[in-house]
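Enquirer: Residue numbers (this note's numbering), protein chains in the order written: chain Y, 103 to 209; chain D, 2 to 408. One structure coming up, written as structure tokens, with questions to follow.
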């Protein structure tokens with residue numbers, strides 16, 4: 103008996119983005135100011151609170167930490183928790199991702 | 002398991018276990034629940050004695066039982082479990098996972114009433130409640146059919162990559178003894194060879210995500226190949242169920258050629274040729290209806306029986322062909338969609354709707370929670386339906402048999 107053809111099921115190779123590139127869920131993006139970031143100022147990995155608390159593991163350790171915008175959903179926890187207030191959540195349309203009319207509708 | 006065909010007296014549960022052993026099932030995982038427990042107790046004893054070369058995984062719940070089967074089936078094992086009623090309800094989430102992963106798992110359901118109130122006796126509410134989960138559902142009329150259908154189930158499952166529930170009435174069949182012919186192992190081996198290459202090879206050097214999130218849209222995977230979205234996967238699954246309308250009778254015929262018994266494929270009938278009134282049911286109730294039909298025939302009422310063997314997929318074309326030109330069809334359900342009517346009745350009405358030569362279709366409810374139903378009561382229900390038909394009654398409500406509404 104030959105093997106039946108594989109039916110259409112949910113299957114994929116493990117790879118970044120296989121569960122969806124969640125960055126396009128984001129309405130606001132975290133923007134880090136290296137002049138305020140404790141780690142960036144010291145040039146070591148002193149703080150890393152944003153890295154530790156990101157629920158999607160989108161922040162890479164480093165000086166300064168880097169945010170992976172392919173996957174960051176824009177929850178804002180990093181901005182809320184940063185002891186130096188170095189992270190601002192900026193509307194996506196300010197970065198040209200999505201322009202919005204006065205009534206809030208995307209165009 | 003014997004080198005020769007042998008007939009012995011056994012329960013429905015023993016027949017199911019004998020089928021699993023003949024199928025050379027490799028992994029069994031189950032949790033006990035009445036009236037299914039003797040199936041897996043018997044299999045466990047055979048594994049312990051070395052008579053069955055299989056892995057028996059004792060688990061802490063039905064949810065885990067089917068989860069173990071899902072894992073084992075994913076890597077290519079022939080797997081089996083069995084349950085009833087609240088056990089099936091407890092594993093319901095995994096029932097959907099097994100179907101969506103297209104795994105050829107066979108599960109026996111010893112049909113039992115759902116709580117509350119607590120009840121261990123027979124009706125078909127349990128399996129009917131998961132009819133939409135994407136499994137094939139076959140209903141058996143006697144213990145021989147349980148053994149034969151369970152063996153056929155793996156053949157069907159492995160051809161279509163779909164799981165199959167083999168449903169049989171708790172206690173009425175599960176604990177009732179009758180002669181069952183057990184085919185020789187060599188004959189079964191020829192009918193049911195080892196499972197072909199598994200659906201999904203789990204290879205650590207070339208790993209896969211199985212069952213990852215699939216959202217609304219089609220999308221390109223990591224290699225840039227466009228992959229189906231949720232709706233494409235579901236449509237494909239549905240097509241597989243519809244293909245079973247051909248495969249179930251084919252396998253039944255193959256079994257007949259190999260073993261010497263066939264069960265009618267999708268449906269089964271008794272004295273149907275010239276019948277004007279057709280009594281319809283699934284499971285052992287169909288056997289009881291043959292007695293009622295013979296009683297009605299003795300009174301000059303041309304009655305016959307149409308048994309629903311495959312309930313999912315629902316054999317619409319076969320039922321239309323069998324019922325075309327009849328005067329009436331009375332459907333006896335042992336399950337209820339609360340707030341509407343019996344599920345087989347609803348499905349049959351829908352199948353016949355708009356057919357130019359469709360019979361009147363009536364519904365009857367019986368046997369819930371093991372309530373006794375005799376052939377005489379079934380015949381009485383048929384007489385009532387016929388009388389209402391002749392009187393031109395429209396929108397006839399479901400007829401509850403042997404109910405004491407005053408209590």
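We put the CB at the ideal spot given by N, CA and C, even for glycine. Just so we're clear, the structure is a prediction, and the values are computed from it rather than from any experiment.
#1: Could you pull the DSSP bridge partners for residue 279 of chain D from this structure?
#2: Using a Cβ cut-off of 9 angstroms, pull out every chain D residue sitting near residue 120 of chain Y, in sequence order please.
#3: For residue 109 of chain Y, decide whether its Cβ has a neighbour in chain D, counting only Cβ atoms nearer than 8 angstroms.
#4: What does DSSP give as the partner residues of residue 130 of chain Y in its beta bridges?
#5: With a floor of 3 residues, list each beta strand (DSSP E) that falls wholly inside the stretch 103-151 of chain D, ordered by position along the chain.
#6: Which residues share a DSSP beta bridge with residue 14 of chain D?
#7: Hey, would you say residue 273 of chain D sits closer than 8 angstroms to residue 306 of chain D, going by beta carbons?
#8: Quick check: is the beta carbon of residue 209 of chain Y nearer than 8 angstroms to any beta carbon in chain D?
#9: Let me confirm a value: residue 326 of chain D is counted as buried when at least 16 other C-beta atoms fall within 10 Å, else exposed. Which label applies?
#10: Starting from residue 180 of chain D, trace the beta strand (DSSP E) both ways and give me its first and last residue.
#11: In its own chain, which residues sit with a C-beta less than 6 angstroms from the C-beta of residue 364 of chain D, not counting the 5 before and 5 after it?
#12: Taking 8 angstroms as the CB-CB limit, is residue 116 of chain Y close to chain D?
#13: Which complete beta strand (DSSP E) runs does the stretch 114-171 of chain Y hold, if anything under 3 residues is left out?
#14: Report, in whole angstroms, the separation of the C-beta atoms of residue 126 of chain D and residue 111 of chain D, which I expect to be a contact under 8 angstroms.
#15: Need the endpoints of the beta strand (DSSP E) that residue 315 of chain D sits in, please.
#16: 8 angstroms is my cut-off, CB to CB: does residue 270 of chain Y come that close to chain D?
#17: Looking at chain Y, is there any beta carbon in it that lies within less than 8 angstroms of the beta carbon of residue 233 of chain D?
#18: Quick check on residue 95 of chain D - is its C-beta less than 8 angstroms from some C-beta in chain Y?
#19: Apart from the five residues just before and just after residue 188 of chain D, which ones in its own chain have a Cβ nearer than 8 angstroms to its Cβ?
#20: For a contact defined as C-beta to C-beta under 7 angstroms, what are the partners of residue 229 of chain D on chain Y?
#21: What would DSSP say about residue 348 of chain D, mapped onto helix, strand or coil?
#22: Classify residue 160 of chain Y as buried or exposed, calling it buried when 16 or more other Cβ atoms lie within 10 Å of its own Cβ.
#23: With a threshold of 16 other CB atoms inside 10 Å of the CB of residue 103 of chain D, please say whether the residue is buried or exposed.
#24: At 7 angstroms on the CB atoms, spell out the chain Y contacts of residue 241 of chain D, in chain order.
#25: Check residue 47 of chain D in the structure and name its three-state DSSP category.
#26: Could you tell me the alpha carbon to alpha carbon distance between residue 83 of chain D and residue 49 of chain D, rounded to whole angstroms?
#27: For residue 152 of chain D, does the count of other Cβ atoms within 10 angstroms reach 16, so buried, or fall short, so exposed?
#28: Can you pull out the residues from the stretch 103-125 of chain D whose beta carbon lies closer than 8 angstroms to at least one beta carbon of chain Y?
#29: Can you have a look at residue 10 of chain D and say buried or exposed, based on whether 16 or more other CB atoms are within 10 angstroms of its CB?
Expert: Concretely, from the data shown:
#1: D:305 and D:330
#2: 210, 213, 214, 222 and 223
#3: yes
#4: Y:193
#5: 107-112 and 137-140
#6: DSSP output for residue 14 of chain D lists no bridge partner at all.
#7: yes
#8: With a pLDDT of 48 at residue 209 of chain Y, under the threshold of 50, the modelled position of this residue cannot be trusted; read the value that follows with caution. Contacts with chain D at 8 angstroms (Cβ-Cβ) do not include residue 209 of chain Y.
#9: Exposed is the call here.
#10: 179-183
#11: 332, 342, 343, 346 and 399
#12: It does; some Cβ of chain D falls within 8 angstroms.
#13: Correct list: 130-134.
#14: Between residue 111 of chain D and residue 126 of chain D the Cβ distance is about 13 angstroms, and since that is not below 8 angstroms, they are no contact.
#15: Segment: none, residue 315 of chain D is in no beta strand (DSSP E) and carries neither H nor E.
#16: Because chain Y is modelled from 103 through 209, residue 270 of chain Y falls outside the range shown and cannot be assessed.
#17: yes
#18: no
#19: Hits under 8 angstroms: 6, 259 and 260.
#20: 110
#21: helix
#22: With 16 or more other Cβ atoms within 10 Å, it is buried.
#23: buried
#24: 109
#25: Three-state DSSP puts residue 47 of chain D in a helix.
#26: 18 angstroms
#27: buried
#28: For the stretch 103-125 of chain D, which is checked against every Cβ of chain Y, the residues closer than 8 angstroms are 103.
#29: exposed
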